[in-house]
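Okay, structure first, notes after.
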Amino acid sequence: MPLGDLGRGIKDALTSTIRGIGDVVGATLDTTRESTVKALQGLRDVGSEATGVITDTVTGAVQAASEVGASVGLAAKGAVIGVVQGVGEVTIVTVGTLSDTVRAAIKGTQEVGGDVAGAGQGAVEGALVAAKSVGLTLEDSVTSVARAAIEGTNEVGGDLAATAKSVIRGTIHGTQEVGEDSIAAVRSSASAIINSAASVGGDLAIVARNAVEGAIEGAKDAGLAAEDAAAAAASGAVEAASQVSETAGNAARDAVTGVISGVRVVVQA
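Residue 377 in our numbering sits at position 157 of the sequence shown, and the numbers go up by one each step.
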């Protein structure tokens with residue numbers, strides 16, 4: 221989808237601002253928050269027109285980062301936080317707002333051939349940080365952004381497995397940043413990932429394994445016990461796959477049981 225005037229303005233502003241800058245998140249956050257507030261205040265019907273503003277703003281930000289060689293993941297994180305906080309200054313933020321930002325980050329990045337998985341991770345991190353700042357519940361937020369990431373990836377023909385891995389990594393980093401229970405969030409996220417992957421015909425075994433790999437990588441990055449994170453991801457994935465069918469559940473269990481990335485993974489009830 222072509223950028224609108226708002227998205228082009230943000231892209232142009234950020235292209236010069238974030239080139240070579242150290243704080244990509246901060247610069248992107250400030251620009252997108254201010255632009256979102258201004259754009260929403262100029263609407264007659266905020267409720268029906270907000271999605272367009274959200275999409276254009278986030279898309280412009282991630283495309284600016286891609287164009288100048290900055291981190292798309294960091295730009296996505298900053299843009300999502302900025303947009304959600306901007307929406308919160310004008311109207312009520314819902315989990316649907318979070319979903320819109322994550323989809324926009326993924327689609328906008330794909331349109332310019334950027335790092336979709338990196339954008340997905342950054343968007344999920346940003347969404348969870350923003351959710352805390354506007355008072356949304358963690359569990360609903362985790363579930364919503366995981367589903368949005370998988371659905372957005374499917375809509376652009378992207379790699380569901382890579383997105384599953386990046387979503388779990390983003391979930392760990394985002395929850396760590398706001399002081400929430402990362403292990404519980406990983407289980408909820410993995411379950412939502414599998415549910416969404418099933419709804420779009422994804423290979424649940426491959427998606428489940430990548431979710432576990434993401435949990436291990438994210439846990440190691442964050443200084444958490446990799447075994448606990450892996451077990452949470454595996455258990456959430458198998459539980460969700462089993463609700464799809466017995467065959468799907470068994471395939472997912474086989475895919476995530478044993479040693480993965482040097483970590484022994486145990487599926488818990």
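Every residue, glycine too, gets a C-beta built ideally from N, C-alpha and C. These figures come from a predicted structure and were not determined experimentally.
Counting only unbroken stretches of 4 or more residues, the alpha helix (DSSP H) elements lying wholly within the region 359-425 are 380-397, 402-419, in sequence order.
Annotation for VAL244: ILE238, ALA285, ALA290, SER291, LEU294, ALA295, GLY298 place their beta carbon closer than 8 Å to its own, counting only its chain and skipping 5 residues before and after. Nearest neighbour of THR317 by Cα position, chosen from VAL304, GLU400, THR251, turns out to be VAL304. Within the model, the alpha-carbon separation for ALA454 versus ALA439 is close to 14 Å.
For GLY478, the enclosing beta strand (DSSP E) starts and ends at 478-480. By the criterion of a C-beta distance shorter than 8 Å, ARG407 is surrounded in its chain by ALA452, ALA453, SER455, GLY456, once the five residues flanking it on both sides are discounted.
Residue environment for ARG264: exposed (fewer than 16 other C-beta atoms within 10 angstroms of its C-beta).
ARG253 carries a helical assignment under DSSP once its states are collapsed to helix, strand and coil.
In this structure, the CA atom of VAL365 is about 22 Å from the CA atom of VAL257. When secondary structure is reduced to three states using DSSP, VAL485 falls in the strand class. Using a Cβ-Cβ distance cut-off of 8 Å, the region 376-384 and the region 351-362 are not in contact, since fewer than three pairs of beta carbons, one from each stretch, lie closer than that value. Taking every protein chain shown into account, the CB of THR383 has 16 or more other CB atoms within 10 angstroms, so this residue is buried.
For THR277, the uninterrupted alpha helix (DSSP H) segment begins and ends at 266-288.
For GLY224, the secondary structure class from DSSP, reduced to helix, strand or coil, is coil. With contacts defined as CB atoms closer than 8 Å, GLY390 and GLU345 qualify as a contacting pair. A straight line joining the alpha-carbon of ALA418 with that of GLY372 spans about 14 Å. The residues VAL315, LEU318, ALA347, LEU348, ALA351, in chain order, have a CB closer than 7 Å to that of SER361 in the same chain once the five nearest residues on each side in sequence are set aside.
SER465 sits in coil when the DSSP states are folded into three classes, being neither helix nor strand. Within 10 angstroms of the beta-carbon of VAL278 lie 16 or more other beta-carbons, which makes it buried. Excluding sequence positions up to five before and after ARG323, its CB lies within less than 6 Å of the CB of ALA368, GLY372, all in the same chain and listed in chain order.
Considering only ASP401, ILE230, VAL458, the residue with the shortest C-alpha distance to ARG429 is VAL458. ARG473 is classed as buried because its beta carbon has at least 16 other beta carbons within 10 Å across all chains shown. For GLN396, same chain residues with a beta-carbon under 6 Å away, outside a window of 5 residues either side, are SER402, ALA442 in chain order.
Across the structure, LEU249 and GLU466 are spaced so that their CA atoms are roughly 45 Å apart. At a Cβ-Cβ threshold of 8 Å, ARG228 and GLY262 do not count as neighbours. Relative to ALA431, the option among VAL420, GLY421, ALA405 whose CA is nearest is ALA405.
Measuring C-alpha to C-alpha distances from LEU424 to each of ALA410, GLY399, ALA435, ILE436 identifies ALA410 as the nearest.
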